[in-house]
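Chemist: This is the structure, below, for whatever I ask next.
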Amino acid sequence: MKDLVGLSREALLTEVTALGEKPFRVKQLWQWIYNKGVTDFTQMTNIAKPLQKRLAENYFISRPQIVTEKNSTDKTRKWLFRFADGKEVETVYIPEEDRGAVCLSTQVGCQMGCRFCHTGTQGFTRNLTAGEIVGQFMAARDSYGEWPSPTDETRFLSNVVVMGMGEPLMNYDNLVTAMRILMDGEGIALSKRRITVSTSGIADKIPNLATDLGVKLAVSLHAPTDDIRNQIMPINRRFPLKDLMEACKEYQQKLEHRQYITMEYVMLKDVNDSIEQAHQLIDLVKGLEVKFNLIPFNPWDGCPYESSSNNAIRRFQKVLEDAWFPAPIRVSRGQDIMAACGQLKSVFHKEQKK
Ligand code: SAH
Ligand code: SF4
-2 MKDLVGLSRE ALLTEVTALG EKPFRVKQLW QWIYNKGVTD FTQMTNIAKP
48 LQKRLAENYF ISRPQIVTEK NSTDKTRKWL FRFADGKEVE TVYIPEEDRG
98 AVCLSTQVGC QMGCRFCHTG TQGFTRNLTA GEIVGQFMAA RDSYGEWPSP
148 TDETRFLSNV VVMGMGEPLM NYDNLVTAMR ILMDGEGIAL SKRRITVSTS
198 GIADKIPNLA TDLGVKLAVS LHAPTDDIRN QIMPINRRFP LKDLMEACKE
248 YQQKLEHRQY ITMEYVMLKD VNDSIEQAHQ LIDLVKGLEV KFNLIPFNPW
298 DGCPYESSSN NAIRRFQKVL EDAWFPAPIR VSRGQDIMAA CGQLKSVFHK
348 EQKK
């Protein structure tokens, strides 16, 4: 038995051909699975009963199992999903007024070990498959009953941010397969402008994102110098800032359309929040089209940092804005259910044990 969710169109064609069926079955299956959200072959009304039966004998259309679902007072929703092998990840939906973003995980845990991140403390278990990445989005859709895929203008689950657990570019091939499925016009049909992939800075993979997917890029920059970045993000020893900025330039050059890069910057008290550092940051991003996103540090049990004060964040923001960089401060969502940036974790979660 094989799961059809997560197969690329090409892989699906291979399966269909193996059954002795014509290529047009790919289109039919694709629409049922990704546009209508059907998980039961008997609901596929344009497929004759005998073929429905053969499909059901050989394949299934999966969803991750929902272990818990939590709703924040600010309407953010967080799921703990369990996959076939029992491994779990967290996924978050962050509603805005008339739309919203699903925050997807790409790995069980994370091996990057950023010092300020809760996910980092659980270590790395495994990569998610393309089906497991797409499956989180589909299960979120089930939860809001948003099938068949509405038009772009009317959907609530309108955006995807790959900012959950794990480092997406360490699971590059599955990320690409999953995002292509989400973007396919005959299925879920998310436009590439509505997908943002966030990376801690796997520089050698960044330029490929432009050509393989063309989605938006967010970089977890978090420090203006190698000295500071080395202290808080071990990946910086492998790809120092010079390489990272070079990769960002290449990404921007390779894109078909002009698109700014979001530089994420978590505000850590007395670590990276001085006025001088704001000026260094401006120098660092010369030659790039960027927007900053200042993230107040979200604490977790046993974390070694404190968030910068509101005053310090605003001072920092002013320096960037005076140099004409957009630098909004990210409003933390879902803090009461530990759903905010950097708070996700799928083992030994105190709050999950309750
Ligand atoms: N692994 C990817 C994406 C997931 S994290 C990455 O690191 O980019 C999404 C964002 O939250 C990243 O910018 C990450 O650095 C930031 N983050 C991690 N821990 C945080 C914390 N405790 N408070 C605020 N932001 C945090
Ligand atoms: Fe991994 Fe991102 Fe957390 Fe760093 S910030 S440990 S890359 S999930």
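Take the sequence shown: its position 272, counted from the start at 1, is 269 in the working numbering, and no numbers get skipped. Heads up, the beta-carbon is just placed ideally off N, CA and C, and yes, glycines get one too.
May I ask you to report which of helix, strand or coil DSSP gives Glu54?
Modeler: Here residue 54 is taken as the residue at index 57 of the sequence shown, counted from 1. Of the three classes helix, strand and coil, the one that applies to Glu54 here is helix, per DSSP.
Chemist: Below 8 angstroms on the Cβ atoms is my guess for Trp76 versus Glu87; work out the distance and round it to an integer in Å.
Modeler: As a first step, residue 76 must be located in the sequence shown, where it is residue number 79. As a first step, residue 87 must be located in the sequence shown, where it is residue number 90. Trp76 to Glu87, Cβ: 7 angstroms. Contact.
Chemist: Which residue's Cα is closest to the Cα of Ser343: Lys33, Pro20, Val13, Arg79?
Modeler: If you number the sequence shown from 1, residue 343 lands on position 346. The residue with the shortest Cα to Cα distance from Ser343 is Arg79.
Chemist: Should Ser305 be listed as close to the ligand SAH, given that the test is whether its C-beta is under 7 angstroms from any heavy atom?
Modeler: Numbered from 1 along the sequence shown, position 308 holds the residue referred to as residue 305. Incorrect: Ser305 has no Cβ contact closer than 7 angstroms to the ligand SAH.
Chemist: Could you tell me whether the segment 316 to 329 touches the segment 56 to 68, where touching means 3 or more Cβ pairs closer than 8 angstroms?
Modeler: Short answer: they don't touch.
Chemist: Using DSSP with H/G/I as helix, E/B as strand and the rest coil, what is Tyr257?
Modeler: Within the sequence shown, residue 257 is the residue found at index 260, counting from 1. In the displayed model, Tyr257 falls within coil according to three-state DSSP, outside both helix and strand.
Chemist: Is Arg22 helix, strand or coil when you go by DSSP?
Modeler: For the purposes of this step, residue 22 is taken as residue 25 along the sequence shown, with counting starting at 1. Correct three-state label for Arg22: helix.
Chemist: With a floor of 4 residues, list each alpha helix (DSSP H) that falls wholly inside the segment 254 to 308, ordered by position along the chain.
Modeler: 272 to 281
Chemist: Assess contact between the segment 34 to 51 and the segment 106 to 118, defined as three or more Cβ pairs (one per stretch) separated by less than 8 angstroms. Is contact present?
Modeler: Not touching, per the Cβ criterion.
Chemist: Go to Gln228, then tell me how far its alpha helix (DSSP H) extends in each direction, as first and last residue.
Modeler: On the sequence shown, residue 228 is found 231 positions in, with the first residue counted as 1. That run of the alpha helix (DSSP H) goes 223 to 229.
Chemist: Rounded to whole angstroms, what's the CA-CA distance from Pro296 to Glu286? Just pull it up for me.
Modeler: What you label residue 296 is simply residue 299 of the sequence shown in a count that begins at 1. What you label residue 286 is simply residue 289 of the sequence shown in a count that begins at 1. In a straight line, the C-alpha of Pro296 is about 30 angstroms away from that of Glu286.
Chemist: Between Leu116 and the ligand SF4, is the CB less than 7 angstroms from at least one heavy atom?
Modeler: Taking the sequence shown and counting its residues from 1, the one referred to as residue 116 is at position 119. Looking at the sequence provided, one finds Thr at residue 116 rather than Leu. The answer is yes for Thr116.
Chemist: Could you check the C-alpha separation between Leu16 and Ala175 for me, to the nearest Å?
Modeler: Position 19 of the sequence shown, counting from 1, holds the residue named residue 16. Position 178 of the sequence shown, counting from 1, holds the residue named residue 175. So the alpha carbons of these two residues sit roughly 24 angstroms apart.
Chemist: Using alpha carbons as the reference points, say which of Arg6, Asn32, Lys33, Tyr31 lies closest to Phe21.
Modeler: Along the sequence shown, one-based indexing puts residue 21 at 24. Ranking the options by Cα distance to Phe21, first place goes to Arg6.
Chemist: Measure the alpha-carbon distance for Glu348 versus Asn308 and round it to whole angstroms.
Modeler: On the sequence shown, residue 348 is found 351 positions in, with the first residue counted as 1. On the sequence shown, residue 308 is found 311 positions in, with the first residue counted as 1. Note that Glu348 scores 45 on pLDDT, short of 50, meaning its location in the model is unreliable and no value can be drawn from it.
Chemist: Excluding the 5 residues preceding and the 5 following Ile178 in the sequence, name in chain order all residues of the same chain whose CB lies nearer than 8 angstroms to its CB.
Modeler: Numbered from 1 along the sequence shown, position 181 holds the residue referred to as residue 178. Only Gly3, Ser5, Tyr31, Ala127, Val131, Gly184, Ile185 meet the Cβ criterion.
Chemist: Ordered along the chain, which non-local residues of its own chain (more than five positions away) have a Cβ less than 7 angstroms from that of Gln332?
Modeler: Mapped onto the sequence shown, residue 332 falls at position 335. Closer than 7 angstroms at Cβ, skipping near neighbours: Asn295.
Chemist: Three or more C-beta pairs under 8 angstroms: does that hold for the segment 261 to 269 against the segment 297 to 305?
Modeler: yes
Chemist: Would you list the residues sitting across from Asp37 in a DSSP beta bridge?
Modeler: Here the question's residue 37 lines up with position 40 in the sequence shown. Asp37 pairs with nothing; no bridge assigned.
Chemist: Determine the contact status of Ser102 and Gly198, defining contact as a CB-CB distance below 8 angstroms.
Modeler: As a first step, residue 102 is located in the sequence shown; it is residue number 105 there, counting from the start. As a first step, residue 198 is located in the sequence shown; it is residue number 201 there, counting from the start. No; because the gap between Cβ atoms is not below 8 angstroms, this pair is not in contact.
Chemist: Just to confirm the assignment, what range does the beta strand (DSSP E) spanning Gly132 have?
Modeler: On the sequence shown, residue 132 is found 135 positions in, with the first residue counted as 1. That residue, Gly132, is in no beta strand (DSSP E); its alpha helix (DSSP H) goes 127 to 141.
Chemist: Using only the alpha-carbon positions, how far apart do Ser195 and Leu210 sit?
Modeler: The residue labelled residue 195 in the question sits at position 198 within the sequence shown. The residue labelled residue 210 in the question sits at position 213 within the sequence shown. Their Cα atoms are separated by approximately 13 angstroms.
Chemist: Less than 8 angstroms between the beta carbons of Phe236 and Ala200, yes or no?
Modeler: Here residue 236 refers to the residue found at position 239 of the sequence shown. Here residue 200 refers to the residue found at position 203 of the sequence shown. Yes, the pair counts as a contact, with Cβ atoms nearer than the cut-off.
Chemist: Could you check which residue in Leu10, Pro47, Ala45, Glu54 has the C-alpha nearest to that of Lys(-1)?
Modeler: One-based indexing of the sequence shown puts residue -1 at position 2. Checked all of Leu10, Pro47, Ala45, Glu54; the closest Cα to Lys(-1) is Glu54.
Chemist: Can you say whether Ile258 is buried or exposed, counting buried as having 16 or more other CB atoms within 10 angstroms of its CB?
Modeler: To locate residue 258, count along the sequence shown from 1; it is residue 261. By the 10 Å Cβ count, Ile258 comes out buried.
Chemist: Could you name the residues of the same chain whose beta carbon sits closer than 7 angstroms to that of Asp71, not counting the 5 residues immediately before and after it, in chain order?
Modeler: Position 74 of the sequence shown, counted from the first residue, corresponds to residue 71. If the five residues before and after Asp71 are omitted, its C-beta is found closer than 7 angstroms to the C-beta atoms of Arg330, Gly331, all from its own chain and listed in chain order.
Chemist: Thinking just about the alpha-carbon of each residue, which of Arg234, Tyr90, Val105, Val173 is nearest to the one in Ala136?
Modeler: Residue mapping note: residue 136 aligns to position 139 of the sequence shown, counting from 1. Ranking Arg234, Tyr90, Val105, Val173 by Cα distance to Ala136 puts Tyr90 first.
Chemist: Please list the terminal residues of the continuous alpha helix (DSSP H) segment that includes Tyr169.
Modeler: Taking the first residue of the sequence shown as position 1, residue 169 is located at position 172. From DSSP, the alpha helix (DSSP H) with Tyr169 extends over 169 to 180.
Chemist: Our contact map puts Lys67 next to Arg123 with C-beta atoms below 8 angstroms; I'd like the distance itself, whole angstroms only.
Modeler: Position 70 of the sequence shown, counted from the first residue, corresponds to residue 67. Position 126 of the sequence shown, counted from the first residue, corresponds to residue 123. That belief does not hold up - the Cβ atoms of Lys67 and Arg123 are roughly 24 angstroms apart, past 8 angstroms.
Chemist: Please tell me whether, using a cut-off of 7 angstroms, the distance from the CB of Asn295 to the nearest non-hydrogen atom of the ligand SAH is below it.
Modeler: To locate residue 295, count along the sequence shown from 1; it is residue 298. Distances between the C-beta of Asn295 and the heavy atoms of the ligand SAH include at least one below 7 angstroms.
Chemist: At what residues does the alpha helix (DSSP H) containing Pro204 begin and finish?
Modeler: For this step, residue 204 is matched to residue 207 along the sequence shown. From DSSP, the alpha helix (DSSP H) with Pro204 extends over 203 to 209.
Chemist: Is the beta carbon of Cys245 within less than 7 angstroms of some heavy atom of the ligand SF4?
Modeler: Against the sequence shown, residue 245 aligns to sequence position 248. No.
Chemist: Residues in its own chain within less than 8 angstroms of Gln28 by CB, not counting five upstream and five downstream?
Modeler: Locating residue 28 in the sequence shown gives position 31, where the first residue counts as 1. The answer, listed in chain order, is Glu183, Gly184.
Chemist: Which residues in the same chain as Pro147 place their Cβ atom closer than 7 angstroms to its Cβ, once the five residues preceding and following it in sequence are excluded?
Modeler: Looking up residue 147 in the sequence shown gives position 150. Residues of the same chain with a CB within less than 7 angstroms of the CB of Pro147, apart from the 5 flanking positions on each side, do not exist.
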